[in-house]
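**Q** One structure, as structure tokens, below. Some questions next.
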Amino acid sequence: MIKLENIHKYYGSQHVLKGIGLTVNKGEVVSILGPSGSGKSTLLRCINFLEQPTRGIVEIGDKRVDAESASKADIVTLRNSTGMVFQQYNLFKNFTVLQNVMVGLTSVKRVHKVEAKKKSLEILERVGLTNRLSHYPAQLSGGQQQRVGIARALALNPEVLLFDEPTSSLDPELVDEVLTTIKKVASEGNTMLIVTHELNFAREISDRVIFMEDGVIIEEGTPEQIFNHPKAERTKQFLGKAIRTK
Amino acid sequence: MENLLDINFLIESIPAIISRLPITIGIAVGSLILSLFIGVITALIKIYRVPVLRVISSIYVSFIRGTPLLVQIYLVFYGIPKIIYYLQIQYGWLQSADVNSIPPEVYALVAFSVNLGAYLSETIRSAIESVDRGQFEAAKSIGMTPAQMMLQIIFPQALAVAIPNLGNMFISTIKDTSLVFIIGVIDIMGQAKILGSRGLAFFEVYIGVSIVYWILCIVVERLLVLIEKRARRYERGIAS
Ligand SMILES: Nc1ncnc2c1ncn2[C@@H]1O[C@H](COP(=O)(O)OP(=O)(O)OP(=O)(O)O)[C@@H](O)[C@H]1O
Ligand SMILES: [Mg+2]
């Protein structure tokens with residue numbers, strides 16, 4: 000389970016997150032929608048402290064961290080229990096596919112090489128990339144790279160997987176293979192928080208959808224509630240516009 | 000009949016010059032290794048804006064760049080023994096060090112490391128900063144410590160970027176080591192000088208030594224190309 004309490008983030012004087020509270024239960028898949036600049040990425044990045052929240056509490060599993068008193072060890076613990084999938088994939092360029100997935104196990108979790116390799120192969124099998132083990136990221140398509148990105152995040156067995164627009168950099172014809180992989184990962188019972196502009200995908204995969212604007216959560220509910228019966232005027236406008244421009 | 004060159008003397012001098020090649024290569028390679036440490040540390044100090052150290056390291060870089068290498072060699076050669084002696088008399092430190100028994104090669108190594116380190120600092124800093132931010136973020140996101148992130152992800156990628164520059168500076172350093180005879184190191188240049196004055200054939204031995212430097216630099220350039228290829232192997236092409 001992951002719980003955010005009253006998260007605030009300022010960049011200088013710009014108030015980007017204005018007291019976000021959010022709970023994601025074990026096994027739940029939650030999507031975050033919202034216009035550009037509303038703070039979706041910042042929120043995800045505050046969870047694993049890639050951005051330091053200015054105020055607030057992040058709780059993952061039994062680890063509870065207050066942003067204002069977070070130590071380096073606290074931050075490492077949070078990062079160990081989260082896996083992040085980036086819009087730009089961010090695979091380690093100097094590592095092969097297999098090394099990208101293994102490194103978290105061998106370096107961070109100190110798992111023995113043999114066992115780490117076995118586990119990594121298992122995960123790569125799940126994302127369908129066992130035939131590319133010794134390729135470097137530069138030798139893969141965007142879709143393949145993002146599937147490795149997902150495998151790398153899965154390898155540490157995180158409490159929660161954070162996806163920040165995982166398909167936004169992909170050529171249209173490669174989006175489906177990645178969405179299919181994410182759906183598969185979701186169906187395996189992983190806890191997931193997904194920022195996406197793929198509305199149909201969000202609708203299909205999510206247990207709950209959150210609509211965010213200007214640093215606050217405007218509305219949240221089941222996909223049915225948000226997409227078919229949105230309450231807030233802004234949600235209606237956003238979904239209406241997004242659907243029209245599709 | 001007057002010859003322009005005593006070819007026989009030239010040819011005979013070459014093996015004797017080559018016999019001192021380990022000194023030249025030792026000083027060049029040794030100071031490359033030490034200066035890489037200096038360069039990396041000063042680059043990180045600058046990147047992470049470490050207070051105080053940042054000022055010290057930028058004064059160091061500026062001083063080295065702003066003074067002749069020859070002067071720096073003299074400063075090390077005369078300065079270090081004086082400082083050690085002072086510490087012994089004044090504070091009773093370093094009692095076991097015998098200043099007079101330090102071989103000149105050690106001073107040469109120190110001087111060249113300090114010199115090259117300052118030049119590498121900027122190159123290494125810009126190479127580290129050229130690594131995509133996403134690489135840092137991904138490393139942090141899986142819980143790597145800063146040291147793991149640097150050693151496993153960032154430095155290898157920065158090195159691949161920096162090799163051409165590092166290589167040029169290393170080649171300059173090889174040539175600059177010809178200055179070390181002034182503090183009594185007998186490198187290939189020192190050996191040439193000795194042979195030259197013994198046979199009164201300076202032109203011949205300097206031709207000899209320049210051929211040795213030239214070949215050495217060509218070999219190093221070739222090696223650098225191979226090393227660069229290896230360091231950048233992940234950037235393109237199809238893995239087997
Ligand atoms: N490092 C930063 N420094 C200063 N301002 C930032 C920084 N990162 C984000 N911001 C600002 O914070 C606000 C929220 O940005 P964020 O990237 O979280 O939005 P987003 O909802 O993810 O948008 P998008 O859909 O375009 O990705 C924006 O106004 C952005 O300009
Ligand atoms: Mg974003």
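Protein sequences, first through last, are from chains S and Z.
Mapping of the first sequence onto numbering that gives the first Met the number 0: residues 0 to 245, in sequence order.
Mapping of the second sequence onto numbering that gives the first Met the number 0: residues 0 to 239, in sequence order.
Glycine residues also receive a C-beta, built at the ideal position from the N, C-alpha and C atoms.
Owing to the predicted nature of the structure, the values given are computational and were not obtained by experimental measurement.
Are there three or more Cβ pairs, one per stretch, closer than 8 Å when the stretch 177-189 of chain Z is compared with the stretch 69-81 of chain Z?
**A** Segments in contact, yes.
**Q** S297/S bridges to which residues according to DSSP?
**A** Residue 297/S lies beyond the residue range present for chain S, which begins at 0 and ends at 245; the question has no answer from this structure.
**Q** My output table needs one value for Y88/S: the three-state DSSP class, helix, strand or coil.
**A** The answer is coil: DSSP assigns Y88/S none of H, G, I, E or B.
**Q** Y90/Z: beta carbon under 8 Å from a heavy atom of ligand 1?
**A** No, since every heavy atom of ligand 1 falls outside the 8 Å radius drawn around the Cβ of Y90/Z.
**Q** Is there at least one Cβ from chain S nearer than 9 Å to A107/Z's Cβ?
**A** Not closer than 9 Å to any Cβ of chain S, the Cβ of A107/Z fails to qualify, so no.
**Q** State the start and end residues of the unbroken alpha helix (DSSP H) segment that holds N7/Z.
**A** Residues I6 to I17.
**Q** Closest Cβ-Cβ distance between F226/S and chain Z: below 9 Å?
**A** No, F226/S does not count as interfacial toward chain Z.
**Q** Taking G33/S and M211/S to be in contact with their CB atoms under 8 Å, please state how far apart those CB atoms are, rounded to whole angstroms.
**A** Sure, about 4 Å apart at Cβ, within 8 Å.
**Q** Would Q94/Z pass as an interface residue toward chain S - the criterion being a Cβ-Cβ separation below 9 Å?
**A** Not closer than 9 Å to any Cβ of chain S, the Cβ of Q94/Z fails to qualify, so no.
**Q** Could you give the C-beta distance for I13/Z and G198/Z, rounded to a whole number, given that I count them as a contact under 8 Å?
**A** Actually they are not in contact, since the Cβ atoms of I13/Z and G198/Z sit about 13 Å apart, beyond 8 Å.
**Q** Hey, S35/S and I59/S: beta-carbon distance below 9 Å or not?
**A** Contact: no.
**Q** So, are the CB atoms of I193/S and I19/S less than 9 Å apart?
**A** No, the Cβ-Cβ distance between I193/S and I19/S is not below 9 Å.
**Q** What do you reckon, are the CB atoms on L108/Z and M168/Z nearer than 9 Å?
**A** Not in contact: L108/Z and M168/Z (Cβ atoms no closer than 9 Å).
**Q** Based on Cα-Cα distance, which residue from I204/S, F237/S and N199/S lies nearest to E187/S?
**A** For E187/S, the nearest C-alpha among the options comes from I204/S.
**Q** Using the Cβ count rule (16 or more neighbours within 10 Å means buried), how would you classify S70/S?
**A** S70/S should be labelled exposed.
**Q** Is any beta-carbon of chain S found at less than 9 Å from that of Y47/Z?
**A** No, because no Cβ of chain S sits closer than 9 Å to the Cβ of Y47/Z.
**Q** Can you check whether the C-beta of V102/S is within less than 9 Å of a C-beta belonging to chain Z?
**A** Judged by the 9 Å Cβ criterion, V102/S is in contact with chain Z.
**Q** Under 9 Å between beta-carbons, which chain S residues line up against I152/Z? List them in chain order, please.
**A** Result: F91, K92, N93, F94 and V102.
**Q** Compare the beta carbon distance of N130/S and E136/Z with 9 Å and say whether it is the shorter of the two.
**A** Their beta carbons are not under 9 Å apart, which means N130/S does not touch E136/Z by this criterion.
**Q** Skipping 5 residues on each side, what residues in its chain have a beta carbon closer than 7 Å to that of H7/S?
**A** If we look at H7/S and ignore the five residues flanking it on each side, its Cβ neighbours are L16, K17, G18, P52, T53, R54 and G55.
**Q** Taking P165/S and Q86/S to be in contact with their CB atoms under 8 Å, please state how far apart those CB atoms are, rounded to whole angstroms.
**A** Right, the Cβ-Cβ distance comes to about 7 Å (below 8 Å), so this counts as a contact.
**Q** Is it true that the CB of F62/Z sits closer than 9 Å to the CB of A117/Z?
**A** In this structure, F62/Z lies closer than 9 Å to A117/Z by Cβ.
**Q** When you measure from the CB of Y10/S to every non-hydrogen atom of ligand 1, does any distance come out below 8 Å?
**A** It does: the Cβ of Y10/S is within 8 Å (strictly closer) of some heavy atom of ligand 1.
**Q** With distances taken from CA atoms, which of D175/Z, I26/Z, S140/Z and I170/Z is nearest L160/S?
**A** Comparing Cα positions, the closest option is S140/Z.
**Q** Between Y10/S and chain Z, is there a C-beta pair that is closer than 9 Å?
**A** Answer no: the Cβ-Cβ gap between Y10/S and chain Z never drops below 9 Å.
**Q** Which chain Z residues sit within Cβ distance under 9 Å of Q87/S?
**A** Those within 9 Å of Q87/S in chain Z are D131 and G133.
**Q** Give a yes or no on whether 9 Å exceeds the smallest Cβ distance from G198/Z to chain S.
**A** Judged by the 9 Å Cβ criterion, G198/Z is not in contact with chain S.
**Q** Quick one: does S140/S have its CB under 9 Å from some CB of chain Z?
**A** Taking Cβ atoms only, chain Z never reaches closer than 9 Å to S140/S, which makes this a no.
**Q** Whether or not the stretch 156-172 of chain Z and the stretch 103-114 of chain S are in contact is what I'm after, with contact meaning three or more pairs of Cβ atoms, one per stretch, closer than 8 Å; do they touch?
**A** Verdict: no, contact absent.
**Q** Any heavy atom of ligand 1 inside 8 Å of the beta-carbon of E164/S?
**A** Yes, Cβ of E164/S sits closer than 8 Å to a heavy atom of ligand 1.
**Q** Compute every distance between the C-beta of V194/S and the non-hydrogen atoms of ligand 2, then say whether any falls below 8 Å.
**A** V194/S Cβ: within cutoff of ligand 2.
**Q** Determine the chain S residues that contact M143/Z at a beta-carbon separation under 7 Å, and present them in chain order.
**A** Chain S residues near M143/Z: S106 and V107.
**Q** Using 10 angstroms around the beta-carbon of R48/Z, count the other beta-carbons present and answer buried if the total reaches 16, otherwise exposed.
**A** Flag for R48/Z reads exposed.
**Q** Can you tell me where the alpha helix (DSSP H) holding N164/Z begins and where it ends?
**A** F154 to D175 is the extent of the alpha helix (DSSP H) around N164/Z.
**Q** Tell me whether L86/S, by its Cβ, gets closer than 8 Å to a heavy atom of ligand 2.
**A** The residue asked about is misnamed: residue 86/S is Gln in this sequence, not Leu. Yes, Cβ of Q86/S sits closer than 8 Å to a heavy atom of ligand 2.
**Q** Terminal residues of the continuous alpha helix (DSSP H) containing F62/Z?
**A** Here the alpha helix (DSSP H) through F62/Z covers L52 to G65.
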